[in-house]
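Only one structure is covered here, and it is reproduced in the block below.
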DNA sequence: GTTTAATTTCGCTGTTGGTCGAAATGACTT
DNA sequence: AAGTCATTTCGACCAACAGCGAAATTAAAC
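Protein chains in written order, with this note's numbering: chain G, 712 to 826; chain C, 712 to 826.
Next comes the structure, spelled out in structure tokens:
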């Protein structure tokens, strides 16, 4: 339990992972869309996604050549759900997060978002 | 805000700091008592304490040669209070934590605890 | 099957962070 | 003021980690 909580805190103490989590709260996005929004290399994005997935925060869904990621809303893990809610409440007004979400919306409009 | 949350998560993603926080939730302890309970060097304990203090989790109180640390129960910081409560709920039954608290109790009995 | 495109994995680099021992600081005692 | 004890600071070490580019993998399209 303690070791799990420590792992979760570690995973959440990275800016890009928090940005990804907040993006996936509202959108279903593929790796290259996240790369465009975050402005980091695709290999780094992929690594962050695998870390978030390992802990159960997000799930992936293959669609042709693309892999779409979204929040694991079906999770029964109380700790994960609690911390996700905590983040949503406390990062909702953050400029960086709002800007990220606007970028995601523009991407979805351009590409006929599948949500 | 986001940077602050990241800092807090970083601080909480260390086993010894969590153990210290849980110990100070129930006890007022000095550095050498924490060293005895945690089994790490005094310089390491001191560093962890300064990190926890910088973020507002704990306060110190000088008493002669000793420096006693305790939880900053007067904090008005919603984030800190929320996460402390979260930890208390989720680490309460952890073996390591229970064992630490027992050790602290024994120390307090031996030395006529000042609480 | 070959090509093309998206993603993951791998190897590397620079940075951060936990730990220790030793030195420095602070505070009481004699 | 000299000595002793608790604590903090300093310097060094090693491990963990975010980041990148290149190679490997996967899947569709031709």
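C-beta: ideal position from N, C-alpha, C; glycine also.
Check, Outcome
"Quick check on residue 740 of chain C: does DSSP put it in helix, strand or coil?", "strand"
"Interface residues of chain C around residue 793 of chain G at Cβ under 8 Å?", "797"
"If you draw a straight line from the alpha carbon of residue 812 of chain G to that of residue 801 of chain C, how long is it in whole angstroms?", "32 Å"
"Sort C/716, C/712, C/753 by Cα distance to residue 731 of chain C and report the nearest one.", "C/753"
"Give a yes or no on whether the C-beta atoms belonging to residue 760 of chain G and residue 769 of chain G are separated by under 8 Å.", "yes"
"Identify, in the order they occur along the chain, each residue of the same chain with its Cβ nearer than 8 Å to the Cβ of residue 795 of chain G, setting aside the five sequence neighbours on each side.", "732, 736, 768, 782"
"Please look up how many angstroms separate the CB atoms of residue 815 of chain G and residue 714 of chain G, rounded, as I've assumed it's under 8 Å.", "Going by Cβ atoms, the distance from residue 815 of chain G to residue 714 of chain G rounds to 34 Å, so no, they are not a contact pair."
"Rounded to a whole number of angstroms, what is the C-alpha to C-alpha distance between residue 764 of chain G and residue 776 of chain C?", "49 Å"
"Does DSSP put residue 769 of chain G in a helix, in a strand, or in coil?", "strand"
"Could you name the residues of the same chain whose beta carbon sits closer than 8 Å to that of residue 772 of chain G, not counting the 5 residues immediately before and after it, in chain order?", "739, 778, 779, 780, 781"
"How far does the beta strand (DSSP E) with residue 781 of chain G in it extend, from its first residue to its last?", "777–782"
"What's the gap between the Cα of residue 786 of chain G and the Cα of residue 806 of chain C?", "26 Å"
"Counting C-beta neighbours from all protein chains within 10 Å, is the total for residue 741 of chain C 16 or more, i.e. buried, or is it exposed?", "buried"
"Is the distance from the Cβ of residue 720 of chain G to the Cβ of residue 723 of chain C below 8 Å?", "yes"
"Can you list the residues of chain C that residue 802 of chain G reaches, using a CB-CB cut of under 9 Å?", "712, 713, 716"
"Provide the residue span of the alpha helix (DSSP H) that contains residue 717 of chain G, from first to last.", "713–723"
"Give me whichever residues DSSP pairs with residue 774 of chain G in a beta bridge.", "G/777"
"Does DSSP put residue 805 of chain G in a helix, a strand or coil?", "coil"
"Does the beta carbon of residue 726 of chain G sit closer than 8 Å to a beta carbon anywhere in chain C?", "yes"
"Taking DSSP as the reference, what is the three-state secondary structure of residue 754 of chain G?", "helix"
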